[in-house]
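Worksheet for the structure shown next.
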Amino acid sequence: MGRIEGIYPKIGVASGEVLISHREFGPPEIIGNPANTGARLADMAEGGEILCDSNTYSFVKFKFEFMEKGEVKLKGMKKKVSVFSLIDRRKGILRKRSFGGEGFPFVDREKELFLLKKFVEDVFTEEIGKVVFLLGDAGIGKSRLVEEVYSQALGYSLENMKQFQWYEGKCNRGIDTVAFQPFIEIIRGFIGEWIDGDPEKIRGAITRYMDDTEDTDMIMHILGFGKRRVGISEASEKGKIFNALLQFIYGISLMHPTVFVIDDLYSADTSTLEFLEYMSGRLNRFPFLMIILSRIDKNLPFWRVKENMKSLLGSTLVEIYLKKLHEEDALKLIDIMKGKENIPENVIKRAVELSHGNPLYLEEFIRYYIERQSGRETDIPPTIRGLIDSRIDSLDPGTKEVLEEASVIGYRVDREILGMITDHFDDLNAHIRKLVNASILSDVSEGKTENLYFYHPLYREVAYKRMLSRHKKRLHKKIAQTIEEHFSSRIHEFYEELARHYKNADEKDKAVKYSILAGEKLEKNYASQEAIKFYRDALEICEDRSKTYELLLRIAHLERLSGNGNKALSYLEECERICENTEEKIKVYTSAGTTYESMSRYDEALTYYKKSLSTGKEIDFRLKIPAYLGIAWVYYIRGKYDEVENAIMKIKGFLETAKNPDEIDKQHLARAYNILASTYNSTGRHEFAFQLYTGALKIYRSLGDEAGISTIHNNLSGIFSGIGD
Ligand SMILES: Nc1ncnc2c1ncn2[C@@H]1O[C@H](COP(=O)(O)OP(=O)(O)OP(=O)(O)O)[C@@H](O)[C@H]1O
Ligand SMILES: [Mg+2]
Numbered sequence: 001m002g003r004i005e006g007i008y009p010k011i012g013v014a015s016g017e018v019l020i021s022h023r024e025f026g027p028p029e030i031i032g033n034p035a036n037t038g039a040r041l042a043d044m045a046e047g048g049e050i051l052c053d054s055n056t057y058s059f060v061k062f063k064f065e066f067m068e069k070g071e072v073k074l075k076g077m078k079k080k081v082s083v084f085s086l087i088d089r090r091k092g093i094l095r096k097r098s099f100g101g102e103g104f105p106f107v108d109r110e111k112e113l114f115l116l117k118k119f120v121e122d123v124f125t126e127e128i129g130k131v132v133f134l135l136g137d138a139g140i141g142k143s144r145l146v147e148e149v150y151s152q153a154l155g156y157s158l159e160n161m162k163q164f165q166w167y168e169g170k171c172n173r174g175i176d177t178v179a180f181q182p183f184i185e186i187i188r189g190f191i192g193e194w195i196d197g198d199p200e201k202i203r204g205a206i207t208r209y210m211d212d213t214e215d216t217d218m219i220m221h222i223l224g225f226g227k228r229r230v231g232i233s234e235a236s237e238k239g240k241i242f243n244a245l246l247q248f249i250y251g252i253s254l255m256h257p258t259v260f261v262i263d264d265l266y267s268a269d270t271s272t273l274e275f276l277e278y279m280s281g282r283l284n285r286f287p288f289l290m291i292i293l294s295r296i297d298k299n300l301p302f303w304r305v306k307e308n309m310k311s312l313l314g315s316t317l318v319e320i321y322l323k324k325l326h327e328e329d330a331l332k333l334i335d336i337m338k339g340k341e342n343i344p345e346n347v348i349k350r351a352v353e354l355s356h357g358n359p360l361y362l363e364e365f366i367r368y369y370i371e372r373q374s375g376r377e378t379d380i381p382p383t384i385r386g387l388i389d390s391r392i393d394s395l396d397p398g399t400k401e402v403l404e405e406a407s408v409i410g411y412r413v414d415r416e417i418l419g420m421i422t423d424h425f426d427d428l429n430a431h432i433r434k435l436v437n438a439s440i441l442s443d444v445s446e447g448k449t450e451n452l453y454f455y456h457p458l459y460r461e462v463a464y465k466r467m468l469s470r471h472k473k474r475l476h477k478k479i480a481q482t483i484e485e486h487f488s489s490r491i492h493e494f495y496e497e498l499a500r501h502y503k504n505a506d507e508k509d510k511a512v513k514y515s516i517l518a519g520e521k522l523e524k525n526y527a528s529q530e531a532i533k534f535y536r537d538a539l540e541i542c543e544d545r546s547k548t549y550e551l552l553l554r555i556a557h558l559e560r561l562s563g564n565g566n567k568a569l570s571y572l573e574e575c576e577r578i579c580e581n582t583e584e585k586i587k588v589y590t591s592a593g594t595t596y597e598s599m600s601r602y603d604e605a606l607t608y609y610k611k612s613l614s615t616g617k618e619i620d621f622r623l624k625i626p627a628y629l630g631i632a633w634v635y636y637i638r639g640k641y642d643e644v645e646n647a648i649m650k651i652k653g654f655l656e657t658a659k660n661p662d663e664i665d666k667q668h669l670a671r672a673y674n675i676l677a678s679t680y681n682s683t684g685r686h687e688f689a690f691q692l693y694t695g696a697l698k699i700y701r702s703l704g705d706e707a708g709i710s711t712i713h714n715n716l717s718g719i720f721s722g723i724g725d
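Counted the way the UniProt record's numbering counts, the sequence shown spans residues 1 to 725.
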């Protein structure tokens with residue numbers, strides 16, 4: 001940080017969301033916590049000091065070093081604020097980390113490490129080098145992997161008592177546009193101290209390794225100490241600079257085994273890129289290992305340079321794509337990071353899910369949680385949001401809008417639907433290509449159709465959150481209507497999506513309708529828990545009492561089937577509270593009986609079955625059959641066979657006197673046969689048992705009830721073994 005002699009400004013920086021209200025006259029007014037915090041921090045700073053809050057700190061901590069000043073109570077603010085004082089820009093890639101203390105955690109990546117270790121050994125033993133591109137998403141662990149390679153190299157050199165050299169340079173276009181940025185850092189690393197920036201001393205240091213004065217001039221040029229020479233064409237000047245730089249790094253690497261690391265190539269300046277291409281055309285033998293790290297963005301100039309280098313270098317160039325961490329490794333990492341902190345299971349689950357195997361995101365989620373210890377778990381940590389936001393901001397406006405439209409459709413983006421709702425139909429393909437090139441969307445062919453997916457679920461969330469809610473609502477509605485119109489023949493495939501879109505469009509009736517349809521569809525696929533989610537969504541928005549009753553009963557039923565008896569009971573309690581007639585009550589009590597039965601709490605089961613029977617005497621007998629069946633079954637389990645027969649006889653009696661016995665639920669009838677048959681079987685009356693089982697089997701077959709059929713088959717085989725046949 002340069003300081004101006006005699007002027008010592010006090011600076012405070014705070015980050016967060018603010019409201020800007022534009023006034024007719026005068027500057028706009030900025031309202032919000034960050035504005036106040038910033039002002040207070042500036043008050044508190046010493047002359048020449050820059051103070052910032054923890055938000056700002058987490059945004060820039062990778063680039064700058066800070067001193068922690070601890071928590072401070074600022075005037076007029078309720079909560080204490082953590083304050084950080086800026087020291088300087090960070091140097092090099094190896095940086096301090098807050099997790100893991102001494103030995104930084106490192107998980108997974110065995111294959112990549114193995115390969116890189118081999119390349120390191122090759123420069124040590126055979127002096128054969130390579131150019132390795134390490135490519136991957138932001139935060140996926142490229143720099144961290146290289147730190148690990150560094151310690152491998154260090155280990156190798158200690159074991160073999162061989163000196164080695166390791167130089168790093170980072171591309172940094174975001175901060176300032178300096179030509180040859182990473183190479184400047186590499187040269188600086190080589191000549192050691194920056195020698196107070198005294199050009200004479202620097203020149204002296206360089207001439208120790210370069211005899212040619214013109215080459216030395218050129219290196220001085222790169223370092224920013226050259227003068228533009230008049231009358232010489234830029235092209236020839238450039239050629240000389242490139243040549244000098246190549247001589248320099250080649251020369252260094254002849255002294256000892258050498259590794260050069262160039263980080264963040266995606267943000268490289270043009271000269272750096274041109275030099276790399278030049279180097280690839282000139283060298284046919286690499287005495288050094290050069291590891292180049294970059295995020296993937298095929299729209300940026302570096303990608304073309306990489307492709308050219310590939311064709312020039314052939315097998316000397318190796319590309320390694322760093323993919324997401326395996327789930328077990330992600331969990332292992334969380335375990336190390338959280339240390340003694342107690343983090344609830346659902347937070348961990350969400351962190352793993354949303355981070356999608358990206359260690360940086362994982363780290364930020366956990367850190368964010370630990371720092372707040374509460375709050376909504378759906379929040380995206382501001383650091384992650386900032387990272388992704390800035391990527392989205394770098395897109396041109398049309399592409400950005402297409403991205404936002406896609407984010408409303410969902411994680412999977414149906415191309416056809418996107419085409420129907422976009423405001424950019426004419427150049428849609430070009431926008432999509434840009435998004436795919438930028439690794440924000442990925443193109444996946446599924447059967448005959450090409451579909452788009454978000455490269456990372458967080459990209460979708462951030463893109464979605466950027467939009468104004470009115471705009472989002474409008475898009476959700478448009479998407480839902482488009483689906484209804486154009487896919488009416490296979491609308492069942494879209495129930496889940498329609499439910500979500502109508503819910504977010506605030507169209508309550510349709511949202512409830514499709515949530516229930518989605519739930520029913522999932523139930524048929526035995527996805528009870530997923531079905532429950534949709535029913536609960538419906539419940540949340542539903543304003544109709546009798547529908548609410550049905551939903552509660554349904555959810556209780558599914559929770560019981562999933563073995564969550566207690567949850568089922570609490571839904572039933574809620575359900576009982578809104579009952580309006582005896583018929584509804586009977587169903588709730590019977591369901592409670594069945595739930596207790598499933599929890600092996602037979603006394604309570606009997607109580608509820610009996611409560612069901614004693615409610616509303618005059619009610620249609622068919623409603624009571626399930627309770628009788630429940631009672632019969634509980635008694636059967638307890639071996640009270642007389643009571644079983646009593647209960648079944650009640651049903652039989654009804655069937656004999658009923659006006660229309662055909663209306664009895666066939667399932668119930670089959671179950672009655674089955675229970676009675678099992679009772680007969682247990683009391684040695686195998687003949688009767690056999691007849692009744694066969695009766696039940698017939699019914700199940702006519703219903704196509706596979707589960708019923710197999711139960712009876714089991715029971716029948718029980719009989720045969722019972723009578724030794
Ligand atoms: N294999 C790993 N084991 C443990 N932690 C890891 C691993 N990989 C990465 N991390 C952690 O995740 C964070 C992000 O990693 P890193 O900075 O290496 O990402 P990057 O790929 O270089 O991202 P960028 O493109 O932003 O430079 C770091 O804090 C790092 O310590
Ligand atoms: Mg990095």
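The beta carbon of each residue, even a glycine, is placed where N, CA and C say it ideally should be. As the structure is a prediction and not an experimental result, all values here were calculated from the model.
Taking all protein chains shown into account, decide if residue i is buried (16 or more other Cβ within 10 angstroms of its Cβ) or exposed.
| i | result |
| --- | --- |
| residue 538 | buried |
| residue 19 | exposed |
| residue 25 | exposed |
| residue 137 | buried |
| residue 267 | buried |
| residue 269 | buried |
| residue 21 | exposed |
| residue 284 | exposed |
| residue 645 | buried |
| residue 706 | exposed |
| residue 27 | exposed |
| residue 504 | buried |
I'd like the list of long-range same chain contacts for residue i, defined as Cβ closer than 6 Å, with 5 residues on each side in sequence excluded.
| i | result |
| --- | --- |
| residue 244 | 215, 218 and 219 |
| residue 420 | 482 |
| residue 99 | Residue placement at residue 99 cannot be trusted, given a pLDDT of 44 that sits under 50; the coordinates are not used to answer. |
Quick one: what's got a C-beta closer than 7 Å to residue i's C-beta in the same chain, skipping five residues either side?
| i | result |
| --- | --- |
| residue 111 | none |
| residue 700 | 670, 708, 709 and 712 |
| residue 596 | 604, 605 and 608 |
| residue 23 | 29 |
| residue 593 | 605, 608, 609, 612, 627 and 630 |
Just grab the DSSP bridge partners of residue i for me.
| i | result |
| --- | --- |
| residue 240 | Residue 240 pairs with nothing; no bridge assigned. |
| residue 166 | 259 |
| residue 81 | 72 |
| residue 321 | 135 |
| residue 86 | 66 |
| residue 449 | 446 |
| residue 294 | 135 |
| residue 454 | 441 |
| residue 19 | 31 |
Counting only beta-carbon separations shorter than 9 Å, does residue i have a partner in chain C?
| i | result |
| --- | --- |
| residue 108 | No chain C appears in the structure shown, which is made up of a single protein chain. |
Out of the options, state which residue places its alpha-carbon closest to the alpha-carbon of residue i.
| i | options | result |
| --- | --- | --- |
| residue 34 | 709, 75, 547 and 53 | 53 |
| residue 6 | 30, 551, 47 and 282 | 47 |
| residue 660 | 622, 676 and 695 | 622 |
| residue 189 | 169, 141, 268 and 343 | 169 |
| residue 555 | 530, 578 and 577 | 530 |
| residue 164 | 338, 125 and 499 | 125 |
| residue 472 | 407, 508 and 456 | 407 |
| residue 650 | 627, 259, 526 and 68 | 627 |
| residue 332 | 589, 107 and 667 | 107 |
| residue 64 | 42, 87 and 714 | 87 |
| residue 249 | 167, 448 and 235 | 167 |
| residue 17 | 405, 8 and 38 | 38 |
| residue 684 | 239, 347, 641 and 11 | 641 |
| residue 434 | 298, 459 and 498 | 298 |
| residue 10 | 157, 271 and 50 | 50 |
Using a Cβ-based criterion (distance less than 8 Å to any ligand heavy atom), does residue i qualify as near ligand 3?
| i | result |
| --- | --- |
| residue 624 | Looking at this structure, you won't find ligand 3 anywhere; what it does contain is ligand 1 and ligand 2. |
Just to confirm my understanding: we take residue i, look at its own chain, exclude 5 residues before and 5 after, and list those with CB closer than 8 Å. What are they?
| i | result |
| --- | --- |
| residue 352 | 327, 330, 331, 334 and 362 |
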